[in-house]
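Residue numbers (this note's numbering): 13 to 154. Every residue, glycine too, gets a C-beta built ideally from N, C-alpha and C. Inspection log for the structure reproduced underneath, given as structure tokens.
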Ligand SMILES: [Zn+2]
């Protein structure tokens, strides 16, 4: 009975760990600021299209068309500038935040392992004899 319960707990923990990890990894959160700006941009483009259509159909005077178009283009420029600003702040924030976590984990174990006890030369893989001084390196590991 106790063994059965232990097994169930172990399985639950395993499923929990395996189930949580893939979800946590790929989604940081940077979608939202652009989404909001993209919507504004799309709205302005649509207004420009409507404006052009109305002008072509003859609903608008030349003057009105030029004025409204200028306003919309100014608004569009402001939105595009904001998009650039958001992108820059995101890029500025990223290098310190995301890749640092990735780099840290695999780094430590490599360098110290295969060091020659005689001359202190280090090697990436295990050697029978030191590539620097030619003395046997096995002694250090036994
Ligand atoms: Zn050596």
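- [ ] May I ask you to check if the CB of residue 138 is nearer than 7 Å to at least one heavy atom of ligand 1?
- [x] No, since every heavy atom of ligand 1 falls outside the 7 Å radius drawn around the Cβ of residue 138.
Task: Which of helix, strand or coil DSSP assigns to residue 45 - done: DSSP places residue 45 within a helical segment (H, G or I) once states are collapsed to three.
Task: Shell residues, 6 Å Cβ cut-off relative to heavy atoms of ligand 1 - done: With 6 Å as the limit between CB and the heavy atoms of ligand 1, the residues that fall short of it are 128, 130, 131, 133, 142, 144, 145, 147.
- [ ] Select from 94, 54, 60 the residue whose C-alpha is nearest the C-alpha of residue 78.
- [x] Considering only alpha carbons, the answer is 60.
- [ ] Determine which residues share a DSSP beta bridge with residue 148 and list them.
- [x] According to DSSP, which records beta bridges pairwise, residue 148 is partnered with 141.
TODO: Measure the alpha-carbon distance for residue 65 versus residue 72 and round it to whole angstroms.
DONE: In a straight line, the C-alpha of residue 65 is about 10 Å away from that of residue 72.
TODO: Check each candidate in 102, 144, 76 and name the one with the smallest Cα separation from residue 132.
DONE: Taking the Cα of residue 132 as reference, the smallest distance to any Cα among 102, 144, 76 is reached at 144.
- [ ] With a cut-off of 8 Å on the beta carbons, I'd call residue 95 and residue 46 a contact; round off their distance for me.
- [x] Yes, they are in contact, since the Cβ atoms of residue 95 and residue 46 sit about 7 Å apart, within 8 Å.
Open item on the list: Taking 7 Å as the cut-off, is the beta-carbon of residue 72 closer than that to any non-hydrogen atom of ligand 3?
Closed with: Of the ligands one can find in the structure shown, namely ligand 1, none is ligand 3.
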